[in-house]
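In terms of the numbering used here, the sequence shown opens at residue 386 and continues consecutively. For each residue, glycine too, the CB sits at the ideal point set by N, CA and C. Since this is a predicted model, take the numbers as computed values, not measurements. Notes follow once the structure below has been shown.
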Amino acid sequence: MYEERPPAPELAGRVVCAWGQIPEADGTQLVVPDGCVDLIWGPAGLFVAGPDTGPMPAPLRAGEVLAGIRFRPGGTGEVFGVPVHGLRDQRVPLAALNRAAWSPLLSPDAAPSVSSDPRLLLDERLRLMRRAVAARIRETAPPDPAAPALVAALRSGLSVREAAWELGFSERQLHRRSVAGFGYPPKTLQRVVRFQRALRLARSGVALAEVAAASGYADQAHLSHDVKRLSGVPLSRLLT
């Protein structure tokens with residue numbers, strides 16, 4: 386079972402969703418780049434999954450409970466007390482980042498009581514995580530206000546140079562702000578945004594040649610090559 390829930394109103398500007406997963410069987414889930422940063426509560430405790438630049442296989446065990454808060458691309462800001470690029474392609478225990486700031490969540494007293502019902506445990510973890518994230522958002526500076534506009538510009542098919550001009554930045558300024566806000570340079574962000582758009586279109590049933598054109602790829606071969614580079618598998622595998 387995997388489900389996504391809309392963010393609480395106080396988190397909506399920074400968070401894509403809250404999510405929960407209770408696997409029905411052992412296996413490995415392929416996590417692919419989406420520009421997001423996730424706070425996850427799993428069997429080993431709380432950790433942060435940084436912005437990925439390639440595939441990240443995640444082992445799953447049947448019946449374990451995973452709860453997550455997914456930040457929007459560019460929406461993490463200073464919530465975790467470290468630069469976002471320091472989390473790139475990393476899975477870092479929350480306690481190793483800023484234990485004092487997250488003490489309400491990391492305290493032994495904060496752990497939900499063990500329940501025989503995994504869904505009740507999931508609900509309680511998400512409740513505690515939402516409260517802690519909302520507190521950190523209130524306590525820290527907001528992220529770069531230009532971040533959503535940069536994502537929109539790249540998603541529309543503009544080149545990095547065109548996006549910089551559109552937003553009124555030099556390419557050097559855009560590079561600096563992209564690394565600070567998203568964890569990687571604008572060219573990588575462009576590839577991730579384009580890949581995610583292609584994946585959404587393909588999953589909706591759009592023909593691959595049309596997907597390539599609508600997502601800003603030179604042709605279908607370019608689409609296939611980039612998907613394989615970012616996910617490690619052919620697009621057909623991701624669609625199944």
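- For Trp404, the enclosing beta strand (DSSP E) starts and ends at Val400 to Gln406.
- Per DSSP, Glu463 lies in no beta strand (DSSP E) and is assigned neither H nor E.
- Burial state of Gly601 is buried, judged by a 10 Å Cβ sphere holding 16 or more other Cβ atoms.
- Burial of Thr573 is indicated by the presence of at least 16 other C-beta atoms within 10 angstroms of its C-beta.
- Rounded to whole angstroms, the separation of the alpha carbons of Asp502 and Leu445 is 18 Å.
- Rounded to whole angstroms, the separation of the alpha carbons of Leu615 and Val577 is 8 Å.
- Straight through space, the alpha carbons of Val433 and Trp404 are spaced by roughly 14 Å.
- Residue pairing by DSSP places Pro478 opposite Phe432 in a beta bridge.
- One thing to note: Thr438 has its Cβ within 8 Å of the Cβ of Asp474.
- Around the beta-carbon of Arg588, fewer than 16 other beta-carbon atoms lie within 10 Å, marking it exposed.
- Taken through DSSP and simplified to helix, strand or coil, Trp487 comes out as coil.
- With a threshold of 16 other beta carbon atoms within 10 Å, Pro458 meets it and is buried.
- Sixteen is the threshold: when 16 or more other Cβ atoms of the shown chains lie within 10 Å of the Cβ of Gln406, as they do, the residue is buried.
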